[in-house]
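Here is the structure we will look at, set down as structure tokens.
Chains as they are written, first to last, in the working numbering: chain F, 2 to 205; chain H, 29 to 255.
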């Protein structure tokens, strides 16, 4: 049941300063034997140093470079990215969507902040902000303008609101002038924002 | 729109502020808040849908003023108390913490990589057969509210309630959050990506061909027979 009880919410028992609040909670749980601070360090190290948008850039660069890989990715992204080792928490069900001259894809989660962690890491601050969550479904072009991106008028925008456990990866359009480049070179043109749809691929 | 977190389409939030790709956390305590939330999941006392609901039902004035990870910690404090993992007196520092009977479930450093890599897939076999196929016209439920639990968790955003759309793809069968968040079992059912014309959702769409795609469970939808 919902248990609405704002007048005595448990968080109000903790210190009001957020840094002290987290510290108090970690200390309490550690003293009760429920948290090992070294495990927390390990989690933080994973998301600061091991998992991030270079994983997704690798997938996109390979899709640009290898038509069979691209076809397989569009057919079953979960299987394809798992084979590359990019599977795990918040990325259990992946779908790849491809930008074309006709359609530009963008991803949001209006209800919380769903995001493909194994491919892109922890979402940026703006992705989790009220402004992005509220606005991008209604005025994607004005949000794109905040990122300095202007789409041609013939391009429609398709916004994906990630309300289930499905996580979306945008495959940006491959930039002109990259013909003949290998995967490593192509990765340089793939930014995190281009894989969310708030940016475009870089230009050589 | 029955709770403050359901903000899709809301007016008045101002600009989105881009940031460099290398920025992951914005304060020293943010990674600790993230890690505490992930580590306490190992207790097995709640699931993802329960924890989402714990954040959603923060008082609206708290939800609005809290930064992102403050919401996480607020929801976590609720879950810890409601599930008897910590007491209110312990949280307030009024008593010495007592050793926990579930301390053996504490996440160990050498388990972290496996736990994060394993994830928590939500697809399940279901005895509910899909009734829609790609291209079918559908109407989203009129009320973006939990059908079984008043004020309960749902993943149907308010802006789409009652809107007409078209099935874009079937994702298979997945755990139903409206049940799973409230101890009503996993209740898996077919899940669809449904595409809505922007002109169906907004009085002033930016472009006549823009669309929004929303993942919706079968019980959120009915056939649009007037199409």
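Just so you know, even glycine gets a beta-carbon here, dropped at the ideal spot from N, CA and C.
Buried or exposed (CB count within 10 angstroms, at least 16 for buried), residue i
i, result
"residue 251 of chain H", "exposed"
"residue 65 of chain H", "buried"
"residue 48 of chain H", "exposed"
"residue 1 of chain F", "Outside the modelled stretch of chain F, which goes from 2 to 205, sits residue 1 of chain F, for which no answer is possible."
"residue 204 of chain H", "buried"
"residue 122 of chain H", "exposed"
"residue 199 of chain F", "buried"
"residue 2 of chain F", "In this predicted model, residue 2 of chain F has a pLDDT of only 47, less than 50, meaning its place in the structure is not dependable; the value taken from the coordinates is given anyway. By the 10 Å Cβ count, residue 2 of chain F comes out exposed."
"residue 96 of chain F", "buried"
"residue 21 of chain F", "exposed"
"residue 98 of chain H", "buried"
"residue 124 of chain F", "buried"
"residue 157 of chain H", "exposed"
"residue 256 of chain H", "Because chain H is modelled from 29 through 255, residue 256 of chain H falls outside the range shown and cannot be assessed."
"residue 67 of chain F", "exposed"
"residue 33 of chain F", "buried"
"residue 100 of chain F", "buried"
"residue 84 of chain H", "buried"
"residue 117 of chain H", "exposed"
"residue 54 of chain F", "buried"
"residue 170 of chain H", "exposed"
"residue 206 of chain H", "buried"
"residue 39 of chain H", "exposed"
"residue 63 of chain H", "buried"
"residue 34 of chain H", "buried"
Pairwise C-alpha distance: residue j and residue i
i, j, result
"residue 147 of chain F", "residue 132 of chain H", "49 Å"
"residue 138 of chain F", "residue 117 of chain F", "19 Å"
"residue 151 of chain H", "residue 85 of chain F", "21 Å"
"residue 43 of chain H", "residue 133 of chain F", "8 Å"
"residue 233 of chain H", "residue 176 of chain H", "33 Å"
"residue 171 of chain F", "residue 180 of chain H", "32 Å"
"residue 130 of chain H", "residue 71 of chain H", "7 Å"
"residue 26 of chain F", "residue 15 of chain F", "8 Å"
"residue 56 of chain F", "residue 136 of chain H", "26 Å"
"residue 249 of chain H", "residue 225 of chain H", "16 Å"
"residue 129 of chain F", "residue 55 of chain H", "15 Å"
"residue 69 of chain H", "residue 75 of chain H", "8 Å"
"residue 193 of chain H", "residue 156 of chain F", "20 Å"
"residue 58 of chain H", "residue 105 of chain H", "16 Å"
"residue 167 of chain H", "residue 190 of chain H", "6 Å"
"residue 114 of chain H", "residue 108 of chain H", "6 Å"
"residue 70 of chain F", "residue 173 of chain F", "15 Å"
"residue 187 of chain H", "residue 82 of chain H", "22 Å"
"residue 45 of chain H", "residue 142 of chain F", "15 Å"
"residue 140 of chain F", "residue 196 of chain H", "22 Å"
"residue 121 of chain F", "residue 193 of chain F", "7 Å"
"residue 230 of chain H", "residue 153 of chain H", "36 Å"
"residue 101 of chain H", "residue 188 of chain F", "36 Å"
"residue 154 of chain F", "residue 46 of chain F", "43 Å"
"residue 147 of chain H", "residue 119 of chain F", "10 Å"
DSSP bridge partner residues for residue i (one or two, in chain order)
i, result
"residue 162 of chain F", "F:109, H:242"
"residue 194 of chain H", "H:165, H:223"
"residue 99 of chain F", "F:172"
"residue 250 of chain H", "H:167"
"residue 151 of chain H", "H:202"
"residue 208 of chain F", "Nothing about residue 208 of chain F can be reported from this structure: the residues present for chain F run from 2 to 205 only."
"residue 199 of chain F", "DSSP, once it has assigned bridges, lists no residue as partnering residue 199 of chain F."
"residue 104 of chain F", "F:157"
Residue i: CB within 7 Å of a non-hydrogen atom of the ligand ADP
i, result
"residue 39 of chain H", "Inclusion of the ligand ADP in the displayed structure is not the case, the ligand content being empty and no account of it being possible."
- Task: Could you run through the stretch 127-149 of chain H and flag, in chain order, every residue whose CB is less than 9 Å away from some CB of chain F?
- Result: Of all residues in the stretch 127-149 of chain H, 127, 128, 130, 131, 132, 133, 134, 135, 136, 137, 138, 139, 140, 141, 143, 144, 145, 146, 147, 148, 149 have a Cβ within less than 9 Å of some Cβ in chain F.
- Item | Unbroken stretches of the beta strand (DSSP E), 3 residues or longer, contained in the stretch 200-237 of chain H | 217-225
- Query: What residues from the stretch 68-85 of chain F come within 8 Å of chain H, judged by C-beta to C-beta, listed N to C?
  - Reply: none
- Message: Please list, in chain order, the residues of the stretch 12-34 of chain F that have any C-beta partner in chain H closer than 8 Å.
- Response: 12, 14, 15, 19, 20, 22, 23, 24, 25, 26, 27, 29, 30, 32, 33, 34
- Message: Beta carbons nearer than 7 Å to chain F: which residues of the stretch 32-50 of chain H have them?
- Response: 33, 34, 35, 36, 37, 38, 41, 42, 43, 44, 45, 46, 47, 49
- Task: List in chain order: all unbroken alpha helix (DSSP H) runs of 4+ residues lying wholly within the stretch 31-92 of chain H.
- Result: 57-68, 76-84
- Interface residues of the stretch 131-143 of chain F facing chain H [CB-CB below 9 Å]: 131, 132, 133, 134, 135, 136, 137, 138, 139, 140, 141, 142, 143
- Message: Closer than 8 Å between beta carbons: that is the criterion. Which residues of the stretch 104-129 of chain H meet it against chain F?
- Response: Close to chain F, meaning a Cβ-Cβ distance shorter than 8 Å, are the following residues of the stretch 104-129 of chain H: 104, 105, 106, 108, 109, 110, 113, 114, 116, 118, 119, 120, 121, 125, 126, 127, 128.
- Anything in the stretch 223-241 of chain H with a Cβ closer than 7 Å to a Cβ of chain F? List those residues in chain order, please. Closer than 7 Å at the C-beta level to chain F, one finds these residues of the stretch 223-241 of chain H: 230, 234, 235, 237, 238, 239, 240, 241.
- Return the chain-ordered ranges of every alpha helix (DSSP H) run that is complete within the stretch 88-145 of chain H and spans a minimum of 4 residues. Qualifying alpha helix (DSSP H) stretches, in chain order: 88-93, 96-110, 116-119.
- May I ask you to list, following chain order, the residues of the stretch 155-170 of chain F that have a beta carbon less than 8 Å from some beta carbon of chain H? Listed in sequence order: 157, 158, 159, 160, 161, 162, 163, 164, 165, 166, 167.
- Message: Can you pull out the residues from the stretch 47-75 of chain H whose beta carbon lies closer than 8 Å to at least one beta carbon of chain F?
- Response: 47, 49, 51, 52, 53, 54, 55, 56, 57, 59, 60, 61, 62, 63, 64, 66, 67, 68, 71
- Give the residues from the stretch 175-198 of chain F that approach chain H closer than 9 Å (Cβ to any Cβ), ordered along the chain. 192, 193, 194
- Item | Within 7 Å of chain F by C-beta, residues of the stretch 193-207 of chain H in sequence order | 199, 202
- Item | Selection of the stretch 163-176 of chain H by Cβ proximity to chain A, strictly under 8 Å | In the structure shown, chain A does not exist; the protein chains are F and H.
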